[in-house]
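Position 38, counted from 1, in the sequence shown is what the working numbering calls 86; the numbers after and before it change by one each time, with no gaps.
Where a beta carbon is used, it is the ideal one built from N, C-alpha and C, also for glycine.
These numbers come from a predicted model, not from an experiment.
For reference, the structure discussed in these notes is given below.
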Amino acid sequence: MGNRSDRRRAALESLKEGHQRRMEKYRKQYEQRRKFYRLLKENASDILHSENFQKTRHHIQHGTMPVYRHCLDVAKQSIQINKALGLGCSERDLIRGALLHDYFLYDWHDKNRENYQKLHGFYHPGIALKNARKEYHLTRREEDIIKKHMWPLTVVPPLCREAWVVTAADKYCSLLETLKIRKRPGRVRVGVAK
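Now the structure itself:
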């Protein structure tokens, strides 16, 4: 009889430990999200609250992902890459450049649009930079991020670390969106975007 109660006790302890590990993991994720949103607020509240940036919620980037969400994901991924690799990049430039890298302000899927260009990938960095310059005072790094994020399509490579980081983060996020890969605790789901 004691053997059975020992197994129950061990099973309960194992459940408690698993629960504690999960709670610790969720607590860390929550703290990371809070820190990221604090960084956004400190460095880019003017962008986040602008009327034109809010319009990007209605433009689709890859699959069903809005440009708004894509830019936030690229900013978050850029911060994570910078931290993981210890690159010492300017967080302000990373965040602002990532938020504005796709600031082209039109639905590039709309073939009936007046200025429709089949080569969106080649032209939108210049359009995004022009739009961003109209509304914000950009640093050289922010300009380089916006202008070169589509490298190698832009031919001239990024000139600063921040632009390289955002370029890599954009490629990573675009891949996840295009393949409809959604990271969830304990599993990864894969599908193909239409």
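Check: residue 135 C-beta below 8 Å from any heavy atom of the ligand PLP:
Among the components modelled here there is no ligand, and therefore nothing to report on the ligand PLP.
Which two residues bound the contiguous alpha helix (DSSP H) that contains residue 119?
Looking up residue 119 in the sequence shown gives position 71. Unbroken alpha helix (DSSP H) run through residue 119: 115 to 133.
My understanding is that residue 142 touches residue 213, with C-beta atoms under 8 Å, so please give their C-beta distance in whole angstroms.
Against the sequence shown, residue 142 aligns to sequence position 94. Against the sequence shown, residue 213 aligns to sequence position 165. Indeed, because the Cβ distance is near 6 Å, the residues count as touching under 8 Å.
Would you kindly check if the distance between the Cβ of residue 187 and the Cβ of residue 196 is under 9 Å?
Translated into positions along the sequence shown, residue 196 becomes position 148. Translated into positions along the sequence shown, residue 187 becomes position 139. Contact flag unset, no.
Mind reading off the beta-carbon distance from residue 194 to residue 177? Whole number of angstroms is fine, and I expect it under 8 Å.
Reading the sequence shown from its first residue, position 146 is the one you call residue 194. Reading the sequence shown from its first residue, position 129 is the one you call residue 177. At roughly 5 Å, the Cβ-Cβ gap stays under 8 Å, so residue 194 and residue 177 are in contact.
Quick check: the Cα distance between residue 54 and residue 62, rounded to an integer number of angstroms?
The residue labelled residue 54 in the question sits at position 6 within the sequence shown. The residue labelled residue 62 in the question sits at position 14 within the sequence shown. Cα to Cα, the separation comes out at about 12 Å.
Contact between the region 102 to 115 and the region 124 to 135 (3+ Cβ pairs under 8 Å)
no
Compare the beta carbon distance of residue 29 and residue 179 with 9 Å and say whether it is the shorter of the two.
Within the shown structure, residues of the chain are numbered from 49 to 242, placing residue 29 beyond reach of any answer.
Between residue 138 and residue 70, which are expected to be in contact by the criterion C-beta below 8 Å, what is the C-beta distance as a whole number of angstroms?
The residue labelled residue 138 in the question sits at position 90 within the sequence shown. The residue labelled residue 70 in the question sits at position 22 within the sequence shown. Going by Cβ atoms, the distance from residue 138 to residue 70 rounds to 35 Å, so no, they are not a contact pair.
Assuming residue 144 and residue 92 make a contact with CB atoms under 8 Å, what is their CB distance in whole Å?
Counting from one through the sequence shown, the residue named residue 144 turns up at place 96. Counting from one through the sequence shown, the residue named residue 92 turns up at place 44. Between residue 92 and residue 144 the Cβ distance is about 5 Å, and since that is below 8 Å, they are a contact.
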